[in-house]
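Protein chains in written order, with the numbering used here: chain P, 63 to 326; chain C, 751 to 1160.
Here a beta-carbon is modelled for each residue, glycine too, at the ideal position from N, C-alpha and C.
Here the structure is a predicted model, which means the values were calculated and not measured.
One structure is given below, encoded as structure tokens.
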Amino acid sequence: MFPWVYGFEWNAGTVIFLGLFFTVVIVILTTVTVAVVRSLRAFAQRKHHAVGWEAQFEDLGREARPCRHQLAGETDQRYCRHGFECKDCDFHRKMLDVAEGEAGDAPDRYFHRGHAWVRPETDGTVTIGIDDFGAKVVGPRARAKLPRIGRRIHENGTGWRFLLGDDSVRVLAPVTGEVVAHGGRDEGWYLRVKPLDGPFDLGHLLQGPEVRPWMEHEMARLLRLIPKDCHSDLTRDGRMVDDVTAHCSGLDWDVVCAEILLEP
Amino acid sequence: MDRSIIPRGLERAPLGKFLLWLLPWVLLLGFGLYSAYLCLRYGLHQTNMDNRFAFGAWIFLDLTVIALGAGAFFTGFLLYILKRRELKAVINSAVVIGFICYSGAVVVLMVDVGQPLRAWFTFWHPNVHSMLTEVTFCITCYLTVLAIEYLPILLKNRKLRQIPAFLVFEFNLHKVMYVLAGVGTFLSFFHQGSLGGLYGVLNGRPFVFREAFGIWPTTFFLFIISAAAAGPSFMLLTTWIASKVSGKRLVTHYVYESLGRISGYILSGYVLLKTADTLFWIRDTAPSLGVHPASFFANQPGYTALHLLEVALFGFLPMAIFLTKRLRARLGWLVTAATLTCLGIVVNRYVLTIQTLALPTLPFAEVLSYVPSWQETGTFLMVIAYGMLVYSISFRYSNLFPQERELRQG
Chain P
63 MFPWVYGFEW
73 NAGTVIFLGL
83 FFTVVIVILT
93 TVTVAVVRSL
103 RAFAQRKHHA
113 VGWEAQFEDL
123 GREARPCRHQ
133 LAGETDQRYC
143 RHGFECKDCD
153 FHRKMLDVAE
163 GEAGDAPDRY
173 FHRGHAWVRP
183 ETDGTVTIGI
193 DDFGAKVVGP
203 RARAKLPRIG
213 RRIHENGTGW
223 RFLLGDDSVR
233 VLAPVTGEVV
243 AHGGRDEGWY
253 LRVKPLDGPF
263 DLGHLLQGPE
273 VRPWMEHEMA
283 RLLRLIPKDC
293 HSDLTRDGRM
303 VDDVTAHCSG
313 LDWDVVCAEI
323 LLEP
Chain C
751 MDRSIIPRGL
761 ERAPLGKFLL
771 WLLPWVLLLG
781 FGLYSAYLCL
791 RYGLHQTNMD
801 NRFAFGAWIF
811 LDLTVIALGA
821 GAFFTGFLLY
831 ILKRRELKAV
841 INSAVVIGFI
851 CYSGAVVVLM
861 VDVGQPLRAW
871 FTFWHPNVHS
881 MLTEVTFCIT
891 CYLTVLAIEY
901 LPILLKNRKL
911 RQIPAFLVFE
921 FNLHKVMYVL
931 AGVGTFLSFF
941 HQGSLGGLYG
951 VLNGRPFVFR
961 EAFGIWPTTF
971 FLFIISAAAA
981 GPSFMLLTTW
991 IASKVSGKRL
1001 VTHYVYESLG
1011 RISGYILSGY
1021 VLLKTADTLF
1031 WIRDTAPSLG
1041 VHPASFFANQ
1051 PGYTALHLLE
1061 VALFGFLPMA
1071 IFLTKRLRAR
1081 LGWLVTAATL
1091 TCLGIVVNRY
1101 VLTIQTLALP
1111 TLPFAEVLSY
1121 VPSWQETGTF
1131 LMVIAYGMLV
1141 YSISFRYSNL
1151 FPQERELRQG
């Protein structure tokens, strides 16, 4: 195998055969090393939450990631390929250029696709909660495991978790920041988060006229997860019931919540 | 605990039923391990092989599983290099099956060669002129590649992916997978070929000796093409079996159809080349070695029948089914054609391994007969049991068929 090993001969056959063999070994080792180095670098640069989200985003079905401009009726069917990070999307930039000058007042609340809402506060912090639709899917039986005060959350990383029995699903954090306060069940599960450096960038969150069609899209997605004979049990007095999965026997809380809260 | 590691949204049998399914395979594995132990402890006289019949059931079945396991490299090649995106639906299953086939073949080879603790000798002092050296190097490297390709499937498990380091590493490994797919294709190309070339260079055995292009006899190329044709068929068949056993729809019909179409196109090339190769052998190769081709088949009706079966029933017929659009639209026909193609591989490897060695090489010698001993059979059944266990566990705890969840939701 090597020139110093007994029986080794310098001839064309040996050079070609072992040359190819060592090339293959080097390619395999280099490939694995590249993957290891990239992973270590992601942790060193604290980008592992973003990389983790990218990995999960690839596993989401198309129906779970419609483009916000499709929801707003500005384009035909179009799916997001950027992990809902609109600042990375050329199409979004183009649409913003077209709509220049039409910006209205800043909305009271912004919505993340993982059903977290964000409300900017006057002191520069934001309050984060789960929207009404998400809360009704999760239901009142579930308890939340909120991050400790002082802990950092990362955009598209885990904001907090809901637990029911042995099952647990996470709510995606809509922004990056440090948790400065939180509230329990009676206050409607919320986090108060302060930015880490500079003001929050909320450009990737849905707002204004985008929200209603998105909610309708999510409702359609929920109905697809639920057997047809249960559909009539989901509303009472024209309003969605408080604990969706409890109203349909055989429906898996974990599966429905994970699908709606975008955890593959 | 069990439920929390089953991929979300997939329905699996209760744990008790699953363990009951595993039980016979575990027992078979135990029997196989005992058989292998006897062979390693007391030597090859536990088998019915001898100095004249040096390649027996193990080599025949090894060649078969390696050809059928070609689905892994070929599916990877089609998906990552040729961008046939629909095959993403079966790539995980292809990798697991490839890993099982190759690791199983290596284990049986280790028992066959004996003295596994001295296996390093092959690498340290390689005979670079030997086809078997090339096979050894390529299979070892490719098994390493398959193990690396298997890793992301394991790391994507619902519990494991909650560990950020695993999720990030799996993602980065997946990003460079096309390089490994390319390496796998290169390695498979050569070791599938060299396994065929091994027979083609036996000029003392005119039954299999073939003319060469460069340094490679025609069997080198026929093995590559036949493995490439059988790989997608085996994928189709195993997906269908997994679907039947689990009672779930795992992929759309389009995926089955695509695998069938690919298999059909390659099979048509193989049937054409195999026919041309056989005719050339009858007209030129065998006579040039002083042997009349008919002499091999004289008083051996089974030989003629197998040759006809291999080309006509297991070659031409599945090719015609795969390439007929109307038949491809029906899953029953696709499964039939895939089964025939895989049987074709079994017959081809049987003819080249067992018949070749059975035929006399001297005028006064007689046709040899060989029946594997129970220890040989047991050792190979060990690989079948191991494969069933690995695949069953992978199927339960990993998302081998990404379309399954979507299809379940309707």
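(message) Can you tell me whether V1085 of chain C is buried or exposed? The criterion is at least 16 other CB atoms within 10 Å of its CB, across all chains shown.
(response) buried
(message) Counting C-beta neighbours from all protein chains within 10 Å, is the total for N953 of chain C 16 or more, i.e. buried, or is it exposed?
(response) exposed
(request) For the stretch 94 to 110 of chain P, enumerate the residues whose C-beta is nearer than 8 Å to any C-beta of chain C, in chain order. (result) Cβ contacts with chain C: V94, V96, A97, V98, R100, S101, A104, F105 and H110.
(request) Decide if the stretch 885 to 905 of chain C is in contact with the stretch 930 to 949 of chain C; the criterion is three or more beta carbon pairs, one per stretch, under 8 Å apart. (result) yes
(message) Taking the straight line between their C-alpha atoms, what separation do you get for K909 of chain C and D752 of chain C?
(response) Take the alpha-carbon of K909 of chain C and the one of D752 of chain C: they are about 11 Å apart.
(message) With a threshold of 7 Å between beta carbons, is V200 of chain P in contact with chain C?
(response) Chain C contact via Cβ: absent.
(request) Pick out the complete alpha helix (DSSP H) segments inside the stretch 1023 to 1109 of chain C, 4 residues or longer, and give them in chain order. (result) 1051 to 1058, 1067 to 1072, 1075 to 1078 and 1081 to 1100
(message) Per the DSSP calculation, W115 of chain P is bridged to which residue(s)?
(response) According to DSSP, W115 of chain P bridges with nothing at all.
(message) Less than 7 Å between the beta carbons of V233 of chain P and V306 of chain P, yes or no?
(response) no
(message) Judging by CA-CA distance, which residue of C:F921, C:L1022 and C:G759 is the nearest neighbour of D229 of chain P?
(response) C:G759
(request) Could you check how far apart the C-beta atoms of H266 of chain P and F146 of chain P are, in whole angstroms? I think they sit under 8 Å. (result) 6 Å
(message) List, in chain order, every chain P residue whose beta-carbon is nearer than 7 Å to that of E920 of chain C.
(response) A117
(message) Run through chain C and tell me which residues come within less than 7 Å of V317 of chain P, C-beta to C-beta.
(response) R758 and G759
(message) Judging by CA-CA distance, which residue of P:V77, P:V231, P:C151 and P:R298 is the nearest neighbour of G196 of chain P?
(response) P:V231
(request) Would you mind reading off the limits of the alpha helix (DSSP H) that contains P774 of chain C? (result) L765 to Y792
(message) Can you look up T220 of chain P in the DSSP assignment and give me helix, strand or coil?
(response) strand
(request) Sort out for me which residues DSSP pairs G327 of chain P with in a bridge. (result) Lying before the first or after the last residue shown, residue 327 of chain P is absent from chain P, which here runs from 63 to 326.
(message) Could you check whether the Cβ of V113 of chain P sits closer than 7 Å to any Cβ belonging to chain C?
(response) With 7 Å as the cut-off, V113 of chain P counts as an interface residue toward chain C.
(message) Distance cutoff 7 Å, beta carbons only. Does T238 of chain P sit that close to anything in chain C?
(response) no
(request) Kindly give me the distance between the Cβ atoms of L258 of chain P and Y172 of chain P, rounded to whole angstroms, as I take these residues to be in contact under 8 Å. (result) L258 of chain P to Y172 of chain P, Cβ: 18 Å. No contact.
(request) Anything in chain C within Cβ reach of I90 of chain P, meaning under 8 Å, just list it in chain order. (result) Per Cβ cutoff of 8 Å: C891, T894, V895, I898, L930 and V933.
(message) Let's see if you can read the secondary structure: which residues bound the beta strand (DSSP E) around Y252 of chain P?
(response) It spans Y252 to K256 - the beta strand (DSSP E) in which Y252 of chain P sits, taken as one unbroken run.
(message) Tell me which residue opens and which closes the alpha helix (DSSP H) that A197 of chain P is part of.
(response) Counting along the chain, the alpha helix (DSSP H) containing A197 of chain P begins and ends at D194 to V200.
(request) Note down, in chain order, every chain C residue with its Cβ under 8 Å from the Cβ of V87 of chain P. (result) C891
(request) Measure from the C-beta of F83 of chain P to each C-beta in chain C and report whether the shortest distance is under 7 Å. (result) yes
(message) Does G819 of chain C come out as helix, strand or coil in the three-state DSSP assignment?
(response) For G819 of chain C, the secondary structure class from DSSP, reduced to helix, strand or coil, is coil.
(message) For the structure I just gave you, are there three or more beta carbon pairs, one from the stretch 912 to 920 of chain C and one from the stretch 786 to 802 of chain C, closer than 8 Å?
(response) no
(message) With distance defined between alpha-carbon atoms, name the residue in C:I850, C:L1063, C:V1140 and C:G1010 nearest to W1163 of chain C.
(response) Absent from the structure is residue 1163 of chain C, since the part of chain C shown begins at 751 and ends at 1160.
(request) Measure the Cβ-Cβ separation of V52 of chain P and V273 of chain P and say whether it is below 7 Å. (result) Residue numbering for chain P in the displayed model covers 63 to 326; residue 52 of chain P lies beyond these limits and cannot be assessed.
(message) At 4 residues or longer, what runs of the alpha helix (DSSP H) sit wholly inside the stretch 991 to 1023 of chain C?
(response) Listed in chain order, there is nothing to give.
(request) State the Cα-Cα distance for the pair C142 of chain P and M157 of chain P, rounded to the nearest angstrom. (result) 14 Å
(message) So, at 7 Å on beta carbons, what are the nonlocal neighbours of R124 of chain P in its own chain, with the 5 sequence-adjacent residues on each side left out?
(response) Y141
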